[in-house]
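Asks: Structure provided below as structure tokens; questions to follow.
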Amino acid sequence: MLNTAVRAAQLAGKIILRNFEQNNLTVEEKQKNDLVTNVDRECEQAIRDFILSKYPEHKFLGEEGGNQQSVRNTDDALESERKQNKRHNAPRSNGEHVWIVDPIDGTTNFVKGIPHIAVSIALQINGRTELGVIYDPVRDELFKALRGQGCELNSRRLRVAENSSLDGTVLATAFPHRKRELVTSYTRILMRIFNECADIRRAGTASLDLAYVAAGRLDGYFELGLKPWDIVAGELMVREAGGIVTDFEGDNNYFESGNIICGGAKVVRQMVSLAREDAKSL
Ligand code: IPD
Ligand code: CA
Ligand code: CA
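So this is what it looks like as structure tokens:
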């Protein structure tokens, strides 16, 4: 199944590259500051068709699979998917396989011609993530993780950076651009963390932020308001590379809240202690 995920991601990667920097994109705003293009839809269709041709009994949850704006977590998303697609109408049963896919993560980058985008594919069995693939077609970098078997970049084993504190670290984050009501709390957290680290990046592709943490390129990452397809594959990668993933209160409810902090153990502990005060108001 890992091989299927890899081939599906590469298939979508080809479509992305073929359409990168083309002037004939159709761009729609799903909601304020949330874009989708014809290429996002084409990629998702190609991934869906490929995976379901191999595993027709599996369920498929893709970001562009319908009107899922109110989706807050994987269960809600699946419920919504079941309602929309009779093929997936079965109740959740033992052995349920669900593919969770972001066909283009970093759509705003894609639309602007910024070459920092990825395809993210994960498989959950009975609600537990078993594998994750994140593919950056521009750099031809393929990140893979299998539960219990580690994480690799182009076949090289990955390990998170182990820092004893935030001092000297380079982190990633994102502004809550779709949840402006969180800006005040977010800014307070950002400033507290920024005061302790060396620098912070906002590159615009959550899955690559997570993959880069797994690779030790980034020392940590924090973001609010993410969706399951943004983080399922990358969350497994960070954990398989020896990192810690929590929400802003240091708990495990990041799929429910969409609020995520990750990195090496000590960096995460310090970020959570700096975020906790404002986490209640998120
Ligand atoms: C977005 C990107 C971005 C993150 C947003 C995501 P999309 O995904 O991952 O980095 O800050 O929260 O929604 O819409 O480009 O698939
Ligand atoms: Ca995304
Ligand atoms: Ca997307």
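Residue numbers (my numbering): 26 to 307.
C-beta atoms are modelled at their ideal positions from N, C-alpha and C, and glycine is treated no differently.
My guess is that residue 156 and residue 170 are in contact by the Cβ rule of under 8 Å, so how many angstroms apart are they, rounded?
Replies: Here residue 156 corresponds to residue number 131 of the sequence shown, with the count starting at 1. Here residue 170 corresponds to residue number 145 of the sequence shown, with the count starting at 1. The pair is a contact, with the Cβ atoms about 7 Å apart (cut-off 8 Å).
Asks: May I ask whether a heavy atom of ligand 1 can be found less than 7 Å away from the beta carbon of residue 125?
Replies: Reading the sequence shown from its first residue, position 100 is the one you call residue 125. Residue 125: no, Cβ never under 7 Å from ligand 1.
Asks: When we look at the beta-carbon of residue 304 and count the other beta-carbons within 10 Å, is it buried (16 or more) or exposed?
Replies: Here residue 304 is taken as the residue at index 279 of the sequence shown, counted from 1. Classification of residue 304: buried, given that the 10 Å Cβ count is 16 or more.
Asks: If you measure between the beta carbons of residue 182 and residue 175, is that distance less than 8 Å?
Replies: Along the sequence shown, one-based indexing puts residue 182 at 157. Along the sequence shown, one-based indexing puts residue 175 at 150. Result yes, Cβ atoms of residue 182 and residue 175 sit closer than 8 Å.
Asks: Rounded to a whole number of angstroms, what is the C-alpha to C-alpha distance between residue 51 and residue 41?
Replies: Reading the sequence shown from its first residue, position 26 is the one you call residue 51. Reading the sequence shown from its first residue, position 16 is the one you call residue 41. Looking at the two C-alpha atoms, the distance is approximately 14 Å.
Asks: For residue 54 versus residue 138, is the C-beta distance shorter than 8 Å?
Replies: Start at 1 with the first residue of the sequence shown, and residue 54 comes out as number 29. Start at 1 with the first residue of the sequence shown, and residue 138 comes out as number 113. The answer is no: Cβ separation not under 8 Å.
Asks: When you compare the CB positions of residue 250 and residue 203, do they come within less than 8 Å of one another, or not?
Replies: Mapped onto the sequence shown, residue 250 falls at position 225. Mapped onto the sequence shown, residue 203 falls at position 178. Yes, Cβ-Cβ distance for residue 250 and residue 203 is below 8 Å.
Asks: Count the CB pairs spanning the stretch 119 to 127 and the stretch 74 to 84 that are closer than 8 Å, and state whether there are at least three.
Replies: yes
Asks: Give me, in chain order, the residues of the same chain whose beta-carbon lies closer than 6 Å to that of residue 88; leave out the 5 immediate sequence neighbours on both sides.
Replies: One-based indexing of the sequence shown puts residue 88 at position 63. Listed in chain order, the non-local C-beta contacts of residue 88 below 6 Å within the same chain comprise 127 and 254, local neighbours out to five positions each way being set aside.
Asks: Are there 16 or more other CB atoms within 10 angstroms of the CB of residue 162, so buried, or fewer, so exposed?
Replies: Here residue 162 refers to the residue found at position 137 when the sequence shown is read from its first residue. The residue in question, residue 162, is buried, as its Cβ has 16 or more Cβ neighbours within 10 Å.
Asks: On the DSSP bridge assignment, give the partners of residue 156 in chain order.
Replies: Your numbering for residue 156 matches position 131 in the sequence shown. According to DSSP, which records beta bridges pairwise, residue 156 is partnered with 148 and 171.
Asks: What are the boundary residues of the beta strand (DSSP E) that residue 223 is part of?
Replies: Residue numbering aside, residue 223 sits at position 198 when the sequence shown is read from its first letter. For residue 223, no beta strand (DSSP E) encloses it, and the DSSP letter there is neither H nor E.
Asks: Is residue 129 a contact residue of ligand 3, with contact defined as CB to any heavy atom under 7 Å?
Replies: Residue numbering aside, residue 129 sits at position 104 when the sequence shown is read from its first letter. For ligand 3, at least one heavy atom lies less than 7 Å from the Cβ of residue 129.
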